[in-house]
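Data block below; observations after.
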Amino acid sequence: MQEVTPRSSTTSVDISARGITGQEDNEGSAVNLNYTNNDSHLHGLRSNNEQNKQFVRGNNRTIKMILLTQCLAGLQFTWSVELAYGTPYLLSLGLSKSLMSLVWLAGPLSGLIMQPIVGSLSDNSKSRFGRRRPFLLVGSFLVICALICMGWTKEIVGLLFGSESSTTILLSKWLAVFSMYLLDFAINCVQASCRAIIVDSLPPSQQEEGTAWAGRMVGIGSVVGYFLGFVNLVDIFPFFGKTQLQVLCVLASIILMASDALTCWAVHEKINTESTSSSTNALNAAYETLYSIMKAVRNLPKPVQLVCNVQFFAWIGWFPFLFYATTWVSEVHSRSTSDLAESPSDDSVGESTRVGSFSLLLYSLVSLSASFILPFLVSPVGASATAGTKFSWKQLFQLPIAFLTVPKLWTISHFIFAFSMLITWFVTSDLQASIVISLCGISWAIIMWAPFSILGEYISRESGTVGQRNYEVEENDQLIRISNDETRSELPFIDSHGGISTNGSSEAGVLLGIHNMYIVLPQFLVTFISSIIFAILEPSDEGN
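Put into structure tokens, the structure is as follows:
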């Protein structure tokens with residue numbers, strides 16, 4: 001094992017087999033196992049804070065990574081249900097495409113509001129259950145409520161207001177819209193908690209690996225979700241519902257709660273003993289939270305600002321792809337098929353959507369494969385600088401590829417996605433449509449990994465750049481845990497009173513929330529443009 005001289009610090013670092021945690025040295029190197037600390041207060045500090053250290057359960061590093069990130073698999077499965085069936089379901093209730101695009105404002109609106117607020121509130125939470133886990137579980141419960149409401153909209157309205165009439169049809173539309181909004185807000189609450197708990201639990205050198213595993217879990221959730229969407233689940237699980245959507249909602253609820261509960265069990269969170277908000281009044285606390293977020297937006301570090309700028313423009317393209325891919329593939333298939341004169345079944349939405357779900361299944365399989373392969377091709381941080389700047393064709397056949405870094409791979413993904421969108425003009429068959437959608441899976445795997453890796457590494461590295469550390473190392477190097485109760489990092493944030501806050505990972509929720517704001521803001525623009533386009537191009541005869 002490599003040996004390095006540990007940097008002086010007042011932070012206690014333990015290495016044990018109990019989990020991956022905390023922050024390691026800024027270079028991400030191995031810690032000298034022969035190092036002995038002569039500071040007499042170290043053991044007292046460690047014993048006093050033994051129960052207040054963040055770690056992840058597991059027998060080895062891979063198991064720990066899986067337990068830490070698999071909550072995103074359950075969340076992505078839930079989101080795949082909404083993406084695949086949300087648009088066809090709303091259309092089946094009688095919503096026009098122009099109005100339906102306004103319903104999808106729930107996505108960017110919830111991301112704009114929920115993620116930064118949940119991030120800030122969880123940063124300051126003093127709950128004995130941890131900072132992130134309470135928000136994770138509450139958000140999951142609301143997701144389940146929204147799924148049940150969405151799957152049984154007609155049944156709920158019929159139970160409350162009797163037989164079908166113009167009133168019940170209108171109420172069904174409103175209840176479906178409400179369930180979609182509730183689902184999006186709750187999903188963003190869960191996603192903010194999942195992303196923050198990953199950043200909190202990993203040192204700088206493991207942030208890239210952690211976000212790579214998070215991308216893999218997103219890919220697994222997508223594959224399972226779209227595969228089950230393609231299969232006729234009503235025949236397999238008739239006791240879960242009479243339509244494909246109802247069965248999927250039940251399965252999504254079970255999988256989400258199981259995956260989130262497993263992550264909450266596996267991660268032992270450090271209890272927050274110092275809140276950055278001194279207000280005891282709920283209204284003042286809410287004002288301080290919003291004020292601190294806006295101040296932080298105006299004072300973002302340059303590396304974070306650059307990532308956010310790229311995300312802003314990239315998601316102008318990704319938003320319509322995610323929400324309209326299923327509908328587009330289904331319509332391409334309908335135009336390319338001549339014999340469509342069959343009488344509609346009781347589950348016409350499920351049948352028409354399975355075609356689009358199959359394309360998204362292929363897309364998810366490509367994305368999942370890319371999420372496992374691409375991280376092995378990327379050079380670790382700093383490797384390209386030491387390898388020299390001269391290009392050699394031999395580098396293409398060496399793993400990792402010397403000149404290929406995470407930012408460069410992220411750039412390549414944008415060109416792949418742009419090319420895929422341009423060739424949609426020439427698609428005339430469902431096979432061609434499936435190929436185009438599948439190609440986008442490569443870009444999706446990268447966009448679910450690269451920006452979060454860059455941000456996570458920055459947050460984690462900045463949190464360990466100032467202060468003094470004393471390392472205590474045990475024989476097993478399965479994890480690095482850090483007790484950082486007395487020191488504060490130097491990540492430049494604005495605290496709730498307008499001053500500079502130097503919290504590191506404790507401010508991860510705010511930073512990731514602001515990053516998400518740059519993802520959702522362009523979605524408002526796309527939503528209104530889509531409404532105008534659909535209003536102009538949508539045929540007046542709904543039968544066409």
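At position 90 of the sequence shown the residue is numbered 90 (the UniProt record's numbering), and the sequence of numbers has no breaks. Idealized CB from N, CA, C, for every residue including glycine.
### Message
Give me the residue from 431, 440 and 429 with the minimum Cα distance to residue 412.
### Response
Counted from its first residue, the sequence shown places residue 412 at position 412. Nearest of 431, 440 and 429 to residue 412, Cα basis: 440.
### Of the listed residues 375, 530 and 223, nearest to residue 406 (C-alpha basis)
As a position in the sequence shown, residue 406 is number 406, starting the count at 1. Comparing Cα positions, the closest option is 375.
### Message
Please list the terminal residues of the continuous alpha helix (DSSP H) segment that includes residue 462.
### Response
Stepping through the sequence shown from its first residue, residue 462 is reached at position 462. Per DSSP, residue 462 belongs to the alpha helix (DSSP H) from 450-462.
### Query
Which class does residue 550 belong to by DSSP, given the choice of helix, strand or coil?
A query on residue 550 cannot be resolved here, the shown segment of the chain reaching from 1 to 544 and no further.
### Task
Kindly list the residues whose CB is nearer than 6 angstroms to the CB of residue 105, restricted to its own chain and excluding five residues on each side of it in sequence; keep chain order.
For the purposes of this step, residue 105 is taken as residue 105 along the sequence shown, with counting starting at 1. The residues are 527.
### Query
Of the choices 303, 308 and 240, whose alpha-carbon is the least far from that of residue 462?
In the sequence shown, residue 462 corresponds to position 462, counting from 1. The shortest Cα separation from residue 462 among 303, 308 and 240 belongs to 303.
### Query
Count the other CB atoms within 10 Å of the CB of residue 517; is the residue buried (16 or more) or exposed (fewer)?
What you label residue 517 is simply residue 517 of the sequence shown in a count that begins at 1. Result: buried.
### Query
Measuring from the CB of residue 246, is there a heavy atom of the ligand ADP at a distance below 6 angstroms?
Only the bare structure without any ligand can be found here, which leaves the ligand ADP out of the picture.
### Inter-residue Cα distance where the pair is residue 426 and residue 214
In the sequence shown, residue 426 corresponds to position 426, counting from 1. In the sequence shown, residue 214 corresponds to position 214, counting from 1. Answer to the nearest angstrom: the Cα atoms are 34 angstroms apart.
### Message
So for residue 440, helix, strand or coil by DSSP?
### Response
For the purposes of this step, residue 440 is taken as residue 440 along the sequence shown, with counting starting at 1. Three-state result, residue 440: helix.
### Query
Helix, strand or coil for residue 231 per DSSP?
The residue given as residue 231 occupies position 231 in the sequence shown. Residue 231: coil per DSSP, three-state reduction.
### Query
On the three-state DSSP scale, how would you describe residue 267?
Translated into positions along the sequence shown, residue 267 becomes position 267. Note: residue 267 maps to strand in three-state DSSP.
### Same chain, Cβ closer than 7 angstroms to residue 312, neighbours up to 5 away in sequence not counted
Along the sequence shown, read from residue 1 onward, the residue named residue 312 stands at position 312. Closer than 7 angstroms at Cβ, skipping near neighbours: 518, 521 and 522.
### Query
Exposed or buried, which one is residue 188 when buried takes at least 16 other CB atoms within 10 Å?
What you label residue 188 is simply residue 188 of the sequence shown in a count that begins at 1. Flag for residue 188 reads buried.
### Task
Spatial neighbours of residue 161 within its chain, please: CB distance less than 8 angstroms, with the 5 preceding and 5 following residues excluded, ordered by chain position.
Taking the sequence shown and counting its residues from 1, one reaches residue 161 at position 161. Counting only Cβ-Cβ distances below 8 angstroms, and skipping sequence neighbours, we find 167, 168 and 171.
### Query
Would you report the Cα separation of residue 388 and residue 205, rounded to the nearest angstrom?
The sequence position of residue 388 within the sequence shown is 388, counting from 1. The sequence position of residue 205 within the sequence shown is 205, counting from 1. Here residue 388 scores only 46 on pLDDT, less than 50, and its place in the model should not be relied on; the value that follows carries that caveat. Straight-line Cα distance between these residues: approximately 22 angstroms.
### Query
Roughly how many whole angstroms lie between the Cα atoms of residue 446 and residue 365?
For the purposes of this step, residue 446 is identified with residue 446 of the sequence shown, where counting begins at 1. For the purposes of this step, residue 365 is identified with residue 365 of the sequence shown, where counting begins at 1. Between residue 446 and residue 365, the C-alpha separation is close to 14 angstroms.
### Message
I want to know whether the stretch 207-226 touches the stretch 442-461 - three or more CB-CB distances under 8 angstroms.
### Response
yes
### Query
Residues in its own chain within less than 6 angstroms of residue 227 by CB, not counting five upstream and five downstream?
For the purposes of this step, residue 227 is taken as residue 227 along the sequence shown, with counting starting at 1. If we look at residue 227 and ignore the five residues flanking it on each side, its Cβ neighbours are 361.
### Task
Indicate whether residue 147 and residue 253 have their beta-carbon atoms separated by less than 7 angstroms.
Within the sequence shown, the letter at position 147 stands for residue 147. Within the sequence shown, the letter at position 253 stands for residue 253. For residue 147 and residue 253, yes; Cβs fall inside 7 angstroms.
### Query
Are at least three pairs of beta-carbons, each pair with one atom in the stretch 292-306 and one in the stretch 149-156, less than 8 angstroms apart?
no
### Query
Buried or exposed: residue 43, going by 16 or more other Cβ atoms within 10 Å of its Cβ?
On the sequence shown, position 43 is the one that residue 43 refers to. Confidence in residue 43 is poor, its pLDDT being 44 and thus under 50, which makes the residue's placement unreliable; the coordinate value appears in the next sentence. Exposed is the call here.
### Cα-Cα separation, residue 58 to residue 64
Stepping through the sequence shown from its first residue, residue 58 is reached at position 58. Stepping through the sequence shown from its first residue, residue 64 is reached at position 64. Going by the C-alpha atoms only, they are around 5 angstroms apart.
### Task
Please go through the same chain and pick out, in chain order, the residues whose beta-carbon is closer than 7 angstroms to the beta-carbon of residue 177, but skip the five residues on each side of it.
For the purposes of this step, residue 177 is taken as residue 177 along the sequence shown, with counting starting at 1. So the qualifying residues of the chain are 103.
### Query
For residue 427, which of helix, strand or coil comes out of DSSP?
Residue numbering aside, residue 427 sits at position 427 when the sequence shown is read from its first letter. Residue 427: coil per DSSP, three-state reduction.
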